[in-house]
Ligand SMILES: Cc1ncc(C[n+]2csc(CCOP(=O)(O)OP(=O)(O)O)c2C)c(N)n1
Ligand SMILES: Cc1ncc(C[n+]2csc(CCOP(=O)(O)OP(=O)(O)O)c2C)c(N)n1
Ligand SMILES: [Mg+2]
Ligand SMILES: [Mg+2]
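Residue numbers (this note's numbering), protein chains in the order written: chain A, 240 to 617; chain B, 240 to 617; chain C, 43 to 374; chain D, 43 to 374.
What follows is the structure, given as structure tokens:
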């Protein structure tokens with residue numbers, strides 16, 4: 240066939256999309272907010288739910304106290320390590336309070352506070368960090384997945400669980416937490432993509448606290464914001480002031496509602512700051528300036544809320560005192576209970592590797608048993 | 240401290256970004272073209288470079304013939320497997336021609352044609368697929384990385400190489416090819432993120448041919464387009480008609496130029512279609528309709544260009560014949576050379592595992608040597 | 043369903059049937075992976091499942107192995123029983139962090155509260171002329187990971203029985219399918235296929251007295267052939283099919299070796315640090331005074347898997363097995 | 043630079059010095075990883091490098107291990123010599139596909155045209171009270187991957203010497219750093235630190251006649267302590283430090299075992315499918331008639347790494363080593 244014989248040569252070729260091409264959605268999903276969303280200190284604060292805000296306040300105060308107590312426990316050798324969430328309490332608390340009873344929380348290794356704010360016994364939340372067994376609670380009982388140390392690996396779990404629940408017809412939303420650094424991992428990408436393709440009822444909350452240990456955000460990404468990453472998966476992305484508990488709660492509540500009603504996943508980036516070092520073992524002076532920390536302390540999540548609520552008459556002196564007191568009670572109990580040495584059974588090492596012990600494990604267990612007996616005799 | 244003592248309580252709180260927050264770039268990077276970019280059949284075709292277009296045409300014809308020949312070789316048992324690029328020749332050819340001598344190409348397992356269009360001996364390009372040694376050429380000599388079978392794994396290599404070249408002050412751009420399916424892999428994400436953070440001179444070319452083996456794009460992503468993924472890395476994303484060689488070349492050339500001049504990476508999505516089955520071993524009728532294939536055949540990259548060039552007088556009957564003839568010559572030579580059994584030295588199995596053979600490998604080599612000698616004697 | 047009497051079936055068919063039966067019996071069984079839907083998998087093992095059970099139970103996932111396995115973890119956390127297909131051995135590597143850090147440890151991490159009954163099907167091994175990355179024998183990685191079971195069938199019957207048992211297990215199972223046996227045929231009663239009650243039992247596939255060949259998966263037919271050929275040399279070889287590498291059925295193996303006094307381990311995987319090392323070390327430990335010669339190994343060389351045109355030199359074959367048997371110090 | 047005479051140094055300091063010297067000598071050496079810059083790494087091994095060599099030679103990467111190793115592959119393809127830090131053992135798992143499918147195979151794939159001189163530093167092992175995922179002994183995975191060298195120092199001197207040799211190697215090296223020896227001290231001549239000419243030579247760290255303890259990395263000090271304690275029981279134990287698992291210096295090990303007639307392999311990694319299996323199998327193969335007893339192993343149990351409060355029960359200790367030595371059939 241020569242070109243002369245071709246039908247409609249040249250100009251008649253229509254510049255339309257090729258046959259089976261179509262954009263996957265009609266338009267690009269909403270681009271994230273250009274500025275972090277805020278409620279406190281803005282006119283939107285008029286509509287705050289006093290009951291919810293009082294609960295948030297109590298949890299923030301408790302959370303701050305919990306952080307202080309946990310860090311103190313590291314100094315006393317009662318915790319092997321503690322990654323503090325001082326400065327990030329608004330995210331932790333909002334993530335916990337926004338979920339319904341039947342929903343699931345997928346915390347990262349830093350997020351013990353979210354688990355505690357959800358109602359988990361602080362001692363159970365800290366079991367791992369204490370050097371005790373890897374998980375201190377039954378995840379199914381609390382609908383809190385084990386704290387995930389390998390970064391971003393919990394995100395596909397959240398997607399799978401939410402997907403499974405929907406397949407079974409259950410009303411369950413999964414909220415998964417991850418840090419700014421964790422967004423660079425392949426698992427972040429794969430999880431968000433699966434969630435969007437499956438329209439799974441998941442909410443991804445990125446706590447952008449400015450650092451992955453020592454690595455600042457500028458070395459982690461060149462994106463305008465982390466929320467912009469949502470675009471590439473075809474899901475909505477939201478940007479929120481992570482120290483404004485009302486704003487975080489609002490944005491997460493919308494996302495949870497979207498997920499619950501079949502609207503699929505949402506990526507939320509909360510801008511916050513890690514006031515303490517990465518963990519008690521870290522030396523933050525190596526990689527950041529005190530000035531920056533001081534400036535962020537002026538934007539403290541507890542104070543922001545306290546100021547707003549007192550200004551609006553939602554909170555009074557008595558309420559503040561009551562919150563403090565309840566926090567002290569929690570801290571005292573925690574301190575006391577953590578001061579007792581936990582009793583671990585070495586034989587547990589072999590008890591849960593498989594549903595049934597292999598011959599090899601039985602043999603090894605017998606060896607350890609004999610050693611322990613010999614020790615006890617000596 | 241009570242709330243009364245707090246400075247500027249309530250209304251005076253300014254809704255500004257928290258202290259160290261700033262968007263990483265002033266604005267979101269350019270959103271990808273809403274429609275695939277086109278040149279052929281549009282007014283933009285006025286400005287086509289005749290010389291370049293004639294080269295493209297010759298390579299397209301050669302590429303089509305190469306594909307046919309390679310598929311024929313699978314039927315004759317001369318290739319173990321062949322993933323055809325019939326229908327995708329415009330992408331393959333443009334990717335090859337857009338690069339300068341010193342630049343690097345990172346092909347996926349499907350992209351032998353791009354390597355051939357870059358000047359690689361077709362027999363060397365097909366060595367792997369023939370069942371012969373894993374790589375048939377010296378990557379450094381041709382600046383073509385080995386064909387990458389594990390999907391998307393070549394993308395971080397391209398980033399690292401481009402970064403290294405820039406560190407050494409060399410003018411080198413790396414162009415990495417990947418399929419629509421490959422964009423779901425974690426390595427895609429990590430590579431694009433590294434490229435953007437490092438502002439590495441890399442161009443990522445996604446050939447969206449509608450399928451990952453049998454899995455259609457709709458099960459792969461919910462993004463508006465794959466080009467939208469660029470947004471989340473803070474790099475420009477472009478969408479182009481992958482069957483319009485002039486458009487692909489133009490978009491890639493811009494991206495290569497941006498990379499070369501320090502502008503960092505670009506993600507290009509080329510919308511195209513795999514006319515043949517996934518490989519000769521695949522049965523495409525299991526997962527797609529003939530109608531769709533037929534419609535895409537109407538949007539054939541070779542015909543589109545031929546039509547445009549003849550309409551514009553850039554190509555005449557003689558030019559068409561010459562291209563065909565050169566393609567036939569290539570095919571005949573390829574056929575003939577592939578008909579000879581390659582001679583492999585079994586002892587090569589041990590020769591390149593390490594720079595120096597370990598004792599264990601020497602022992603194993605001796606064993607094989609003895610077996611071969613015994614066989615030869617028998 | 044019409045009754046099908048004993049007639050030849052392929053291992054691929056038996057595997058497919060096992061999936062089908064498991065899904066039919068237990069609504070929590072979900073099959074997922076790349077191309078498992080309309081295509082039926084690149085080896086057609088999942089053929090027909092999407093038609094019978096729908097896309098929700100047999101799901102074509104995005105192309106991302108860590109995502110697939112990670113999502114399966116979440117599904118199992120919610121009480122489902124995912125059966126994941128990894129398309130080829132080497133394409134399971136991207137999922138290794140999920141596998142090692144989560145799949146193998148979730149039960150232990152939660153003191154048994156959160157078992158993960160996930161079956162990970164991995165077509166493995168060579169001998170099919172596959173180009174690079176399509177013929178790895180990756181079992182050493184799985185074997186070295188506590189918390190996983192590692193199962194591999196060598197016969198049509200076991201393909202069905204062991205896969206059923208693996209899916210039924212409350213523990214994660216890496217189910218290694220010997221690619222080159224997919225098309226192997228045997229008489230098989232498809233009307234009443236037999237499940238294997240549990241995993242962890244080796245079988246003596248051929249009784250013998252001179253020495254024991256210890257093997258599994260793709261190397262079983264090679265060993266049986268070698269045992270036949272060995273008769274000419276005057277050796278009566280016993281052949282043990284491990285069927286699962288974890289649990290490793292020491293008792294069966296050790297009983298055999300104590301009987302024969304000599305043993306050779308045969309597998310395709312690289313020798314150095316391969317499963318044969320564990321088997322040889324353990325058998326020696328427990329049979330030391332019964333052994334007339336050290337336990338030897340016939341394995342793939344310690345090299346990356348070769349290109350198709352050279353793979354025959356790499357794979358353990360009858361001759362190499364016989365040569366090795368000959369080195370078992372018969373003069374003693 | 044002021045001359046520093048022989049004085050105590052930690053393994054961490056020696057490793058840092060090795061990196062510094064390698065970078066100073068060879069401008070193609072680049073250090074990269076998470077937190078290797080301003081922080082100097084979580085173990086401070088890279089402390090000071092960014093100040094001396096700038097961010098381009100000592101680079102804080104995004105948090106993505108496959109990306110780090112994949113980028114290093116590309117850099118090595120262009121002629122650089124990347125030294126990658128994986129922050130902890132378990133956090134190297136996301137990079138396994140890059141490691142197995144590319145790092146270990148690129149040279150072989152290209153018939154030697156494209157070697158990848160990459161050093162991958164992996165802090166490994168337990169005994170530091172690390173919470174989950176911070177104490178894995180992952181060497182079995184590396185050992186089972188042809189194309190990689192696997193090196194691990196046990197002394198301050200070797201930390202320097204072997205790391206220099208690894209960086210100098212044209213092959214990819216997985217350099218396993220025993221975490222709990224980071225702060226171990228020894229007299230060391232920092233003014234003239236000695237490079238090791240090449241990797242692959244084991245060392246007899248203690249001569250003895252009764253039996254050989256074969257070990258490496260974190261277990262060397264434990265074995266030396268056990269050897270001292272064994273004197274009370276009347277055993278004079280020889281202790282061999284492998285220093286590299288690949289290449290495995292068979293000759294040194296075998297010479298020792300042939301001399302002593304008995305051997306115990308000691309390592310922290312899980313026993314089943316661990317490196318000790320290979321060592322035991324091979325030593326037995328080559329020393330069969332010299333052995334008075336089977337080669338035994340003292341290893342971590344076949345379980346996921348335990349929580350800090352239980353790790354002492356898991357780790358091979360002096361008593362368990364002596365108990366095992368006692369099982370070497372002395373009555374014979
Ligand atoms: C896969 C993996 N790689 C590395 C680490 C080591 N690590 C622990 S926390 C951390 C930084 C995490 O930063 P980010 O995600 O921002 O969370 P943040 O600590 O700020 O809460 C790193 C690198 C890990 N836990 N997992
Ligand atoms: C990591 C990995 N997983 C799975 C495969 C098996 N596989 C080979 S090609 C292919 C589909 C690739 O689709 P796409 O990326 O769209 O490229 P195309 O084949 O269309 O060129 C798959 C799943 C692989 N090669 N690598
Ligand atoms: Mg952070
Ligand atoms: Mg495709």
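Backbone N, C-alpha and C define an ideal beta-carbon position, used for all residues, glycine too. For clarity, every value in this text was computed on a predicted model and none was experimentally measured.
Rounded separation between residue 592(B) and residue 150(D) - CA only: 5 Å
Where residue 466(A) and residue 279(A) are concerned, what is the direct C-alpha to C-alpha distance, given to the nearest angstrom? 21 Å
Neighbour list for residue 165(D) in chain C, Cβ cutoff strictly below 9 Å: Correct list: empty, because the minimum Cβ distance to chain C is about 16 Å.
In chain B, which residues lie with their C-beta within 7 Å of the C-beta of residue 81(C)? 452, 453, 525, 526
Whole runs of the alpha helix (DSSP H) within the segment 395–454 of chain B, excluding any shorter than 4 residues: 425–437
Hey, is residue 188(B) close to ligand 3, as in C-beta under 7 Å from one of its heavy atoms? Summary: the structure shown does not reach residue 188(B), with chain B confined to residues 240 through 617, and so no result is reported for it.
Would the C-beta of residue 290(C) count as close to ligand 3, meaning under 7 Å from any of its heavy atoms? no
Check your reading: residues with Cβ closer than 7 Å to ligand 4 heavy atoms: 418(B), 419(B), 420(B), 446(B), 447(B), 448(B), 449(B), 450(B), 451(B), 513(B)
Contact under 8 Å by Cβ, residue 108(C) with residue 139(C): yes
Residues of its chain near residue 223(A), where Cβ-Cβ distance is below 6 Å and the 5 sequence neighbours each way are ignored: The shown model of chain A, from 240 to 617, leaves out residue 223(A), and the question about it has no answer.
Could you tell me if the beta carbon of residue 129(C) falls within a distance shorter than 7 Å of some heavy atom in ligand 1? no
With 8 Å as the threshold, decide whether the Cβ of residue 295(C) is near any Cβ in chain D. no
State the beta-bridge partners of residue 476(B) as determined by DSSP. 506(B)
Taking 7 Å as the cut-off, is the beta-carbon of residue 133(C) closer than that to any non-hydrogen atom of ligand 2? yes
Can you tell me whether DSSP reads residue 248(A) as helix, strand or coil? Here residue 248(A) scores only 35 on pLDDT, less than 50, and its place in the model is too uncertain to base an answer on.
Just to confirm my understanding: we take residue 552(B), look at its own chain, exclude 5 residues before and 5 after, and list those with CB closer than 7 Å. What are they? none
Neighbouring residues, chain C, relative to residue 147(D) (Cβ below 7 Å): 346
Taking 7 Å as the cut-off, is the beta-carbon of residue 525(A) closer than that to any non-hydrogen atom of ligand 1? no
Measuring CB to CB, does residue 209(C) end up less than 8 Å from residue 161(C)? yes
Are there 16 or more other CB atoms within 10 angstroms of the CB of residue 306(B), so buried, or fewer, so exposed? buried
Coarse secondary structure for residue 231(D), derived from DSSP in three states: strand
What are the start and end residues of each continuous beta strand (DSSP E) run of 3 or more residues lying completely inside the segment 109–161 of chain C, in chain order? 123–127
Beta-ladder partner(s) of residue 74(C), from DSSP: 101(C), 126(C)
Residues that residue 356(C) contacts on chain B, provided the C-beta gap is smaller than 8 Å: 588
Three-state secondary structure (DSSP) at residue 364(C)? helix
Within 10 angstroms of its Cβ, does residue 146(C) collect 16 or more other Cβ (buried), or is it exposed? buried
Same chain only: Cβ atoms within 7 Å of residue 249(C), ignoring 5 sequence neighbours per side: 280
Can you tell me where the beta strand (DSSP E) with residue 256(D) in it begins and where it stops? 253–257
What would DSSP say about residue 208(D), mapped onto helix, strand or coil? helix
Beta carbons nearer than 9 Å to chain A: which residues of the segment 104–120 of chain D have them? 104, 105, 106, 107, 108, 109
Quick check on residue 598(A): does DSSP put it in helix, strand or coil? helix
In chain order, what residues of the same chain have a beta carbon less than 7 Å from the beta carbon of residue 84(D), not counting five sequence neighbours either side? 77, 129
Below 7 Å CB to CB, which residues in the same chain sit around residue 59(C) once its five sequence neighbours on both sides are set aside? 202, 232, 235
Considering only heavy atoms of ligand 2, does any lie closer than 7 Å to the CB of residue 163(C)? no
Run of the beta strand (DSSP E) containing residue 218(D), from where it starts to where it stops: 215–220
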